[in-house]
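Residue numbers (our numbering), protein chains in the order written: chain A, 1 to 92; chain B, 93 to 389.
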């Protein structure tokens, strides 16, 4: 369970994802290991990038292309990256 | 070649390579032979190879069929349709040679095939140095690979939105995410908009057919504010390549994202239609087949 300064980022990311899902899928919780693309939420590549850019705009942090270097993008990776960036910004 | 028509609304089937192993071996042999043939006298060799393609088409050995050309360009007389079919086949041989040279010798070798007039980059590329990059739109028409050669001549190394059809959605997303940063930094991106795989644009109309284009270049131009620049390269009668970049599409970027992208796709399709109406000989067999297979609108 997240706490402290990362919670708003988690909620923001979840809200952005849920808004793009069909209504019938919105009542299911988004597990951290859920992929955004194939075998997960089923977003196409353009939608994935739009989601990432929307997260950037909402949170004021960058989600670079290197996030994809460790395999398919998951909900958890977005959240962890946001948490790292928000924490780093708070320390600066 | 593709087993799925990329110009119609996606039916969910994955894109796959349709060539048999034997056909691919033959193509690789052709590539090696063609690269050696063009090394000394490229223009003459390109004309010769194109002539072989045209002959093979006339002999019924190589696509496209004249009936397919007539279906896509109904205003052509039978004689004109036969001529366009032969030119499409010639195009196939010439372009295959150009790809082989590009892969074997690099863009500098292909740049030596450019027609006079490529000393300086066009204004649309010079303007991009001061702001966001440009999104160059290319299609499977003409001497498409000549665009890469021309850019190399001008000292411009464009970021390909993706080199080949990448089947993995995350790989495509990575390439697109990187392209956003690159364009914001002033880099040009070269995007083929009528290839297979990936997200579809809104349906648009070209030559009386309902088609879809790749959505990524339009999203890229929308989020970065970069101009969309249609680009084309053509074979000259003497076996050289000339290019034309721009002018940029005149897009009204106000309004919802979906509407802006739909407008972009419609204008790109209109550009394609105008070009192929004026220059049907630039249509690839691939393009003719896909348009012929698209529903009429």
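Note that beta-carbon positions come from the ideal geometry of N, C-alpha and C, so glycine has one too.
Note that this is a predicted model, so its numbers are computed, not measured.
Taking residue 30 of chain A as the centre and dropping the five residues before and after it, the same chain places the C-beta of 14, 17 and 75 closer than 7 Å to its C-beta, in chain order.
With a threshold of 8 Å between beta carbons, residue 268 of chain B makes contact with chain A.
Partner residues in a beta bridge of residue 348 of chain B, as assigned by DSSP, do not exist.
Using beta-carbon distances, residue 33 of chain A does not count as an interface residue toward chain B, since no partner is under 8 Å. Shortest Cα-Cα distance from residue 136 of chain B to any of B:328, B:358 and B:375 involves B:328.
Close to chain B, meaning a Cβ-Cβ distance shorter than 9 Å, are the following residues of the region 46 to 57 of chain A: 46, 47, 48, 49, 50, 52 and 53. Contacts with chain A at 8 Å (Cβ-Cβ) include residue 264 of chain B. For the region 270 to 283 of chain B, the beta-carbon criterion of a distance under 8 Å to any beta-carbon of chain A is satisfied by 270, 272 and 273. Of all alpha-carbon atoms in B:202, B:253, B:319 and B:387, the one lying nearest the alpha-carbon of residue 359 of chain B is that of B:319.
For residue 327 of chain B, the enclosing beta strand (DSSP E) stretches over residues 320 to 327. Proximity of chain A to residue 345 of chain B at the Cβ level (cut-off 7 Å) is not reached, the minimal Cβ distance being about 16 Å. Of all residues in the region 288 to 300 of chain B, only 290, 291 and 292 come within less than 9 Å of chain A when Cβ atoms are compared, listed by chain position. The beta carbons of residue 305 of chain B and residue 323 of chain B sit no closer together than 8 Å.
Counting other Cβ atoms within 10 Å of its Cβ, residue 311 of chain B reaches 16 or more and is therefore classed as buried. Exclusion of the five residues before and after residue 126 of chain B leaves 189 and 192 as the residues of its chain whose Cβ lies within less than 6 Å of its Cβ. For residue 35 of chain A, the beta-bridge partners assigned by DSSP are A:74. At a cut-off of 8 Å between beta carbons, residue 227 of chain B makes no contact with chain A.
The C-beta of residue 311 of chain B comes closer than 8 Å to at least one C-beta of chain A.
Among the residues of chain B, those whose CB is under 9 Å from the CB of residue 44 of chain A are 261, 264, 265, 290, 291, 292 and 307, following chain order. Here the region 180 to 188 of chain B makes no contact with the region 206 to 222 of chain B; the two share fewer than three CB pairs at distances below 8 Å.
In the structure shown, residue 333 of chain B falls within a strand segment according to DSSP collapsed to helix, strand and coil. For the 8 Å CB-CB criterion, residue 36 of chain A and residue 48 of chain A form a contact.
For residue 389 of chain B, same chain residues with a beta-carbon under 7 Å away, outside a window of 5 residues either side, are 297, 300, 301 and 302 in chain order. Excluding residues up to 5 positions away in sequence, 324, 325, 326 and 374 lie with their Cβ nearer than 6 Å to the Cβ of residue 234 of chain B in the same chain. By a beta-carbon distance limit of 8 Å, residue 232 of chain B does not contact residue 200 of chain B. Their separation comes to about 24 Å. Under the DSSP assignment, residue 129 of chain B falls in the alpha helix (DSSP H) whose first and last residues are 113 to 130. Residues of the same chain with a CB within less than 7 Å of the CB of residue 150 of chain B, apart from the 5 flanking positions on each side, are 178 in chain order. Taken through DSSP and simplified to helix, strand or coil, residue 302 of chain B comes out as strand.
Within chain A, the residues 49, 50 and 53 have their CB atoms less than 9 Å from the CB of residue 315 of chain B, given in chain order.
Nearest in C-alpha terms to residue 321 of chain B, of all of B:262, B:282, B:130 and B:209, is B:282.
In the three-state reduction of the DSSP assignment, residue 292 of chain B falls in the strand class. Comparing C-alpha distances from residue 152 of chain B to each of B:307, B:141 and B:174 shows the shortest one belongs to B:174. At least one CB of chain B lies nearer than 8 Å to the CB of residue 72 of chain A.
Contact annotation for residue 65 of chain A against chain B: 265, 266, 267, 268, 269, 270, 271, 272 and 273 [CB-CB distance below 9 Å, chain order].
Taking a contact to require three or more Cβ pairs closer than 8 Å, the region 48 to 67 of chain A and the region 258 to 274 of chain B qualify as touching. Under the 8 Å criterion on CB atoms, residue 38 of chain A is classed as interfacial with respect to chain B.
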